[in-house]
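Numbering (UniProt numbering), first residue to last: 1 to 409. Even for Gly, the Cβ is constructed at its ideal location relative to N, Cα and C. Structure first, then comments.
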């Protein structure tokens, strides 16, 4: 939806989350989150949110001032219809802010329950006529196909009233949105039904007609680099984009925290009129410390070439390593402190640690270490220590140390 020249709308930052810990990791920076339950989603295989705890999860989203969008974007077969009714009924009861869908059955049934609908990128919406068609069905937003250029997006935005959302960061599918059958063909696990095994990320070799192996650069012949558009926010806004979407329903909370923080920083710079490439390029460099396959701009500036493929990246790569340290054995809220058993590694003051659990995510520096009532600067594994913590942690949460040589500054 195109804006008046004098009106600048800051796009909504929409983060993908897999659980409560990931939600907490981005609550300071995201405007909205999207997520799935354990049924009828393209990421159902890795979900820790279910119809049973959906209401509590959505309440936590709203308590943090964010919108919550539930993805129900798998193909719906006849034997899925009753299950679809159950999921949508739970969504309505939980007061989700929108359903992300593309199957007409889901769109119709969601509308019947007065649920707002965002059209999934699986619908491959690639022009304004299609966008207006979905608006006529009651949809309030479309997540455009990833295969569009900025020029095409701008043309669409100038000729439709529906909100436009685009992916700005994260994994790129090798196939056209909603059209991949490779996982289903090779393994019987359909990517369109939430079971993609990502064979495009495997090592492949190329053979000639006579069986000889063709010598080519790299081993991951179909693995696309990750999308990263943090250096092009003005162009996206100028194209009429209403929401920035970050892939991440399979990502750990640390990834969610980092990416949301740096995109929020970039959006704030843009809002304040201080956005410059020299200021956002360092943000991109810091994001590269999280798991990624290298970065590209996807289709935004034209059809991707050979440099958009991650030939030499083994699935995900990151120079930052998390080293397991131990486990939380107790939490003392009045003292804002935790007892930690050092099972795998020792600790030193100044170390950067992550404390993570099903509902916990906390990253902080170790300011002091208490052992047997005395402050120490370092301690070996096998000991139980006390640590001051910046937020609530829980018994059995895992404690990790970030590799000091390459941790972000």
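If you drop the 5 nearest sequence neighbours on each side, which residues of the same chain put their C-beta closer than 6 Å to that of residue 98?
-> 69, 116 and 118
Based on Cα-Cα distance, which residue from 19, 81, 202 and 82 lies nearest to residue 56?
-> 19
Just the C-alpha distance for residue 17 and residue 209, rounded to the nearest angstrom, thanks.
-> 45 Å
Which listed residue (91, 152, 341 and 193) has its alpha carbon closest to that of residue 51 = 91
Can you tell me whether residue 41 is buried or exposed, with buried defined as 16 or more other CB within 10 angstroms of its CB?
-> buried
Report the three-state DSSP secondary structure of residue 383 (helix, strand or coil).
-> coil
Residues bridged to residue 341 by DSSP?
-> 327 and 384
Return the CA-CA distance between residue 343 and residue 369, expressed in angstroms with no decimal places.
-> 16 Å
Closest to residue 108 by CA distance: which of 237, 161, 330 and 136 is it?
-> 136
Have a look at residue 247 and residue 169 and give me their C-alpha separation to the nearest angstrom.
-> 6 Å
Going by alpha carbons, who is nearest to residue 54 out of 89, 74, 77 and 81?
-> 89
Residue 406: buried (16+ other C-beta within 10 angstroms of its C-beta) or exposed?
-> Only weak support exists for where residue 406 lies, its pLDDT of 46 falling under 50; the coordinates are left without a value.
Since I believe residue 356 is in contact with residue 398 (beta carbons under 8 Å), could you give me their beta-carbon distance rounded to a whole number of angstroms?
-> 5 Å
Inspect the CB distances between the stretch 267-280 and the stretch 195-208 and report whether three or more fall short of 8 Å.
-> no
Rounded C-alpha distance that separates residue 390 from residue 403 | 20 Å
Rounded C-alpha distance that separates residue 221 from residue 312 = 9 Å
Roughly how many angstroms lie between the CA atoms of residue 288 and residue 294, to the nearest whole one?
-> 8 Å
Is any heavy atom of the ligand ATP found at a distance shorter than 7 Å from the C-beta of residue 400?
-> Looking at this structure, you won't find the ligand ATP or any other ligand, since it has none at all.
Using the beta-carbon count (16 or more within 10 Å), is residue 151 buried or exposed?
-> exposed
Does DSSP classify residue 299 as helix, strand or coil?
-> coil
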